[in-house]
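Novice:
Number of protein chains: 2
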Amino acid sequence: MNDAHRSGCPINLSLEVFGDKWSLLILRDMIFGGRRHFRELLTRSEEGISSNILADRLKMLLDEGMITKTDDPSHKQKAIYSLTEKAIELLPIMAHLGSWGRKWLAASEELSIRAQLLEEGGPPLWEKFMAELRVEHLGAPANDPAGPSVRETLQAAYEEVVARQAMERAGA
Amino acid sequence: MNDAHRSGCPINLSLEVFGDKWSLLILRDMIFGGRRHFRELLTRSEEGISSNILADRLKMLLDEGMITKTDDPSHKQKAIYSLTEKAIELLPIMAHLGSWGRKWLAASEELSIRAQLLEEGGPPLWEKFMAELRVEHLGAPANDPAGPSVRETLQAAYEEVVARQAMERAGA
DNA sequence: AATATGTGATTGCAAATTGCAACTGGTTGC
DNA sequence: GCAACCAGTTGCAATTTGCAATCACATATT
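Chains as they are written, first to last, in full-length UniProt numbering: chain B, 1 to 172; chain G, 1 to 172.
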């Protein structure tokens with residue numbers, strides 16, 4: 001962290017922040033999964049992150065200004081992690097990573113549906129999602145009263161695919 | 001490489017391919033720097049990659065189908081590395097990484113100018129660049145006869161900034 | 001009051017990865 | 001013939017990763 005940067009290239013500097021196998025997955029789970037607590041991130045991780053790695057990355061993301069940490073009033077030991085604007089603006093990168101991975105790699109159908117919807121929705125949908133994240137994480141004033149949130153829409157699509165898959169397995 | 005994937009999430013699968021500190025930098029140097037040979041990638045690396053890491057990553061990128069390797073007719077020991085369509089389609093991600101890094105991190109001016117121009121040009125400019133990369137790396141038919149290539153334009157802008165910086169240092 | 005469970009981590013340790021520096025075996029240019 | 005160039009490889013120390021157990025404390029259950 002204290003070391004000098006390898007270069008002043010913006011791509012390199014970005015990779016110095018989140019160029020590893022876990023950091024973006026933690027942010028993905030906060031953005032798309034709505035995770036706010038250590039335990040949620042730990043036990044509901046699709047990839048099975050271990051607690052030492054999670055703790056280390058959360059500290060790093062905190063140092064880098066990607067997230068903030070506040071006390072949960074409901075429980076003295078509970079911490080609430082929030083995204084900063086800096087992290088919220090990674091959403092377009094997440095969307096592109098999802099599209100690229102869906103196209104070129106063997107992504108599972110149920111975990112690809114979100115990427116597909118984000119790709120179809122394009123930048124306007126990303127902006128709507130980012131606006132919702134600003135309300136949720138930064139306390140921005142809410143002015144989108146009507147309809148389900150983008151996360152809810154994505155989540156519902158995911159569950160629909162899972163339900164259909166269960167039907168197909170049963171019917172086969 | 002042979003291990004099972006951690007999950008079928010397209011973002012995770014993408015990170016399993018290039019979620020490290022070097023892979024995207026090598027592809028960046030091929031895309032924006034026009035590097036095609038091992039030695040070029042090694043000695044003209046802004047970040048100073050070491051030869052064992054470079055060799056390892058080139059092999060991995062080869063295995064993953066991100067690049068191909070052919071003999072250079074001019075020299076029996078020279079290899080030419082080419083981007084595949086899979087890698088060329090990372091350009092939008094590179095552009096976003098550059099924009100994000102330029103906005104949120106302490107990127108140097110001369111290495112940010114390319115990111116700025118790519119951001120201003122938007123998806124149409126990315127598509128033009130990708131078309132040029134397909135001509136250069138995939139042997140696609142060239143049908144853009146007029147004007148400088150996108151890489152040339154970006155390179156010229158970089159050199160202009162460097163020249164101006166030298167003037168300012170001299171004049172200060 | 002005692003016990004179980006939930007909380008965000010930390011610790012110990014083995015394995016894997018990284019990164020520096022030197023080196024290899026071969027090709028080409030002078 | 002000899003220096004320079006080519007794509008790597010090798011040895012080794014330092015760092016990072018990842019699993020499993022554990023910690024100190026807070027709250028819920030009985």
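Heads up, the beta-carbon is just placed ideally off N, CA and C, and yes, glycines get one too.
Would you decide whether B:GLU101 is buried or exposed? Buried here means 16 or more other CB atoms lie within 10 Å of its CB.
Specialist: Along the first sequence, one-based indexing puts residue 101 of chain B at 101. The question names Glu, but residue 101 of chain B in the sequence shown is Gly. Answer is buried; the Cβ neighbour count reaches 16.
Novice: Can you check DSSP and say which residues form a bridge with B:ASP71?
Specialist: By 1-based counting over the first sequence, the position of residue 71 of chain B is 71. Note: B:ASP71 sits in a beta bridge opposite B:ALA79.
Novice: Using CA atoms only, rank isn't needed, just tell me which of G:HIS96, G:ALA170, G:THR84, G:LYS103 is closest to G:ALA131.
Specialist: As a first step, residue 131 of chain G must be located in the second sequence, where it is residue number 131. Among G:HIS96, G:ALA170, G:THR84, G:LYS103, the Cα nearest to that of G:ALA131 is on G:THR84.
Novice: Look up G:ILE49 in the DSSP assignment and say whether it is helix, strand or coil.
Specialist: Within the second sequence, numbered from 1, the residue matching residue 49 of chain G stands at position 49. Correct three-state label for G:ILE49: coil.
Novice: Name the chain G residues that come within less than 8 Å of residue 182 of chain B, Cβ to Cβ?
Specialist: Here chain B covers residues 1 to 172 and nothing more, so residue 182 of chain B does not appear.
Novice: Quick one: Cα of B:LEU133 to Cα of G:LEU111, how far?
Specialist: Here the question's residue 133 of chain B lines up with position 133 in the first sequence. Here the question's residue 111 of chain G lines up with position 111 in the second sequence. For B:LEU133 and G:LEU111, the distance between alpha carbons rounds to 31 Å.
Novice: Start and end of the alpha helix (DSSP H) containing B:PRO92?
Specialist: In the first sequence, counting from the first residue as 1, residue 92 of chain B sits at position 92. Taken as a continuous stretch (DSSP letters only), the alpha helix (DSSP H) holding B:PRO92 covers 91-104.
Novice: Is it buried or exposed, G:MET30, if we count other Cβ atoms within 10 angstroms and call 16 or more buried?
Specialist: On the second sequence, residue 30 of chain G is found 30 positions in, with the first residue counted as 1. When all chains shown are included, G:MET30 counts as buried.
Novice: If I measure Cβ to Cβ from G:HIS137 and keep anything under 6 Å in the same chain, skipping five residues before and after, which residues do I get?
Specialist: Reading the second sequence from its first residue, position 137 is the one you call residue 137 of chain G. Closer than 6 Å at Cβ, skipping near neighbours: SER82, LEU83.
Novice: Any contact between the stretch 7-16 of chain G and the stretch 17-24 of chain B? By contact I mean 3 or more CB pairs, one from each, below 8 Å.
Specialist: The stretch 7-16 of chain G vs the stretch 17-24 of chain B: in contact.
Novice: Does the contact criterion of 3 or more C-beta pairs under 8 Å hold for the stretch 33-45 of chain B versus the stretch 70-80 of chain B?
Specialist: Counting Cβ pairs under 8 Å, three or more are found: they touch.
Novice: Return the chain-ordered list of same chain residues with a C-beta closer than 7 Å to the C-beta of B:GLY65, the five sequence neighbours on each side being excluded.
Specialist: What you label residue 65 of chain B is simply residue 65 of the first sequence in a count that begins at 1. Closer than 7 Å at the Cβ level, and outside the excluded window around B:GLY65, lie THR84, LYS86.
Novice: Quick one: is B:ALA156 buried, meaning 16 or more other Cβ sit within 10 Å of its Cβ, or exposed?
Specialist: The residue you call residue 156 of chain B lines up with position 156 of the first sequence. Per the 10 Å Cβ criterion, exposed.
Novice: Taking Cβ-Cβ distances shorter than 9 Å, what residues in chain G pair up with B:GLU20?
Specialist: Against the first sequence, residue 20 of chain B aligns to sequence position 20. Sequence inspection shows Asp at residue 20 of chain B; the Glu mentioned does not correspond to that position. Within chain G, the residues near B:ASP20 are LEU15, GLY19, ASP20, LYS21.
Novice: Taking the C-alpha atoms as reference points, what is the distance between B:ALA166 and G:SER99?
Specialist: Position 166 of the first sequence, counted from the first residue, corresponds to residue 166 of chain B. Position 99 of the second sequence, counted from the first residue, corresponds to residue 99 of chain G. Roughly 42 Å between the two C-alpha positions.
Novice: Tell me whether B:SER45 is buried or exposed, calling it buried when 16 or more other Cβ atoms sit within 10 Å of its Cβ.
Specialist: Along the first sequence, one-based indexing puts residue 45 of chain B at 45. So B:SER45 ends up on the buried side.
Novice: Assuming B:ASP29 is part of the alpha helix (DSSP H), what are its boundary residues?
Specialist: Numbered from 1 along the first sequence, position 29 holds the residue referred to as residue 29 of chain B. Note, B:ASP29: alpha helix (DSSP H), 23-31.
Novice: Can you have a look at G:PRO123 and say buried or exposed, based on whether 16 or more other CB atoms are within 10 angstroms of its CB?
Specialist: Within the second sequence, the letter at position 123 stands for residue 123 of chain G. With fewer than 16 Cβ atoms within 10 Å of its Cβ, G:PRO123 is classed as exposed.
Novice: Does B:GLU64 come out as helix, strand or coil in the three-state DSSP assignment?
Specialist: As a first step, residue 64 of chain B is located in the first sequence; it is residue number 64 there, counting from the start. DSSP places B:GLU64 in coil when its eight states are reduced to three.
Novice: Could you check the C-alpha separation between G:PRO10 and G:ALA163 for me, to the nearest Å?
Specialist: Sequence index remark: in the second sequence, residue 10 of chain G carries index 10 (1-based). Sequence index remark: in the second sequence, residue 163 of chain G carries index 163 (1-based). Roughly 42 Å between the two C-alpha positions.
Novice: Residues of chain B with a CB under 8 Å from the CB of G:PRO10: which are they?
Specialist: Locating residue 10 of chain G in the second sequence gives position 10, counting from the first residue. Going along chain B in sequence order, the residues near G:PRO10 (Cβ under 8 Å) are LEU97, GLY98, SER99, TRP100, GLY101, ARG102, LEU105, ALA107, LEU111, SER112, ALA115.
Novice: Measuring straight from C-alpha to C-alpha, what distance separates B:ARG6 and G:GLY48?
Specialist: On the first sequence, residue 6 of chain B is found 6 positions in, with the first residue counted as 1. On the second sequence, residue 48 of chain G is found 48 positions in, with the first residue counted as 1. In a straight line, the C-alpha of B:ARG6 is about 8 Å away from that of G:GLY48.
Novice: Using the beta-carbon of each residue, which ones in chain B are nearer than 7 Å to G:MET94?
Specialist: Here residue 94 of chain G is taken as the residue at index 94 of the second sequence, counted from 1. What G:MET94 touches in chain B: ILE11.
Novice: Could you tell me which chain G residues have their CB closer than 7 Å to the CB of B:LYS128, listed as they occur along the chain?
Specialist: Against the first sequence, residue 128 of chain B aligns to sequence position 128. None at all; the shortest Cβ gap to chain G is about 18 Å.
Novice: Taking the alpha-carbon of B:ALA115 as reference, which of B:ILE88, B:THR153, B:VAL135 has the nearest alpha-carbon?
Specialist: If you number the first sequence from 1, residue 115 of chain B lands on position 115. For B:ALA115, the nearest C-alpha among the options comes from B:THR153.
Novice: Taking Cβ positions only, does G:SER7 come closer than 8 Å to chain B?
Specialist: The residue labelled residue 7 of chain G in the question sits at position 7 within the second sequence. Taking Cβ atoms only, chain B reaches closer than 8 Å to G:SER7, which makes this a yes.
Novice: What first and last residue would you give for the alpha helix (DSSP H) that runs through B:THR84?
Specialist: Here the question's residue 84 of chain B lines up with position 84 in the first sequence. Per DSSP, B:THR84 belongs to no alpha helix (DSSP H) and is neither H nor E.
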